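Numbering (full-length UniProt numbering), first residue to last: 1 to 151. Idealized CB from N, CA, C, for every residue including glycine. In this text the structure is predicted, and so the values were computed from the model without any measurement. Below is one structure, written out as C-alpha cells, with a few remarks after it.
This is the structure in C-alpha cells:
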C-alpha cells in the first residue's frame, strides 16, 4: 500500500488521527483546537487508500519563518516513515515560498515522559535542534522550542 502526501486540509481526518493518540492528545479542548486549526492553517496530510493517516499543520508568523503547529500520525501507522514524509513535504513547500526557518514546540526534557522523549527523538532525527526550554509557555510545564534551517 502506498501512502500519498499532499497539501490539503482534512479537519475530520485530523480529528481521527488525534483520537488514536490519547496519550498525546487526550485533552478534549486541545483536540477541538487542533481540528479548528486544521480548517484554517496550511495543512499537509498523509493518506492511505483515501484515508488520512497523518497530518502536519503549519502556521506562518513571518515571511521567513514558520511553526510546525502539529504533526501526528495515526497510532496504527507510527514508526512507518509517514512523519518523516510529512516533515519533508512541509519543508519543500516552505522552501518554495522563501521560508528559511521552521520551529516546533513540544514538552521539554525536564518533564520526564517516555512518549515525549520519543517525540523529541523524532524531531532530532529529522534535523531539528533544541534551542530553549521555557516553563509555563504553552502549558503549566516545560515547553521545548526546536528549530531547523531550511537551506
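- Judged by DSSP secondary structure, residue 86 falls within the alpha helix (DSSP H) whose first and last residues are 82-96.
- Boundaries of the beta strand (DSSP E) around residue 72: 65-73.
- Our two residues, residue 130 and residue 146, have alpha carbons roughly 4 Å apart in a direct line.
- Residue 5 counts as buried, since at least 16 other C-beta atoms from the protein chains shown sit within 10 angstroms of its C-beta.
- Annotated as distal: residue 133 and residue 98, with beta-carbon spacing of 8 Å or more.
- In this structure, the alpha-carbon of residue 85 lies about 9 Å from that of residue 3.
- With the rule of 3 Cβ pairs closer than 8 Å, the stretch 30-49 counts as touching the stretch 67-74.
- In this structure, the alpha-carbon of residue 112 lies about 32 Å from that of residue 12.
- Taking 8 Å as the cut-off, the Cβ atoms of residue 65 and residue 100 count as close.
- Here residue 141 has 111 as same chain residues with Cβ atoms under 6 Å from its own Cβ, once five neighbours each way along the sequence are excluded.
- A buried status is given to residue 58, since no fewer than 16 other beta-carbon atoms sit within 10 Å of its beta-carbon.
- Within the same chain, and ignoring the five residues on either side of residue 122 in sequence, the residues whose Cβ sits closer than 7 Å to its Cβ are 83.
- Contact annotation: residue 87 and residue 126 have beta-carbon atoms nearer than 8 Å.
- Rounded to the nearest angstrom, the gap between the Cα atoms of residue 80 and residue 20 is 16 Å.
- Here residue 74 is buried: its Cβ has 16 or more other Cβ atoms, across all protein chains shown, within 10 Å.
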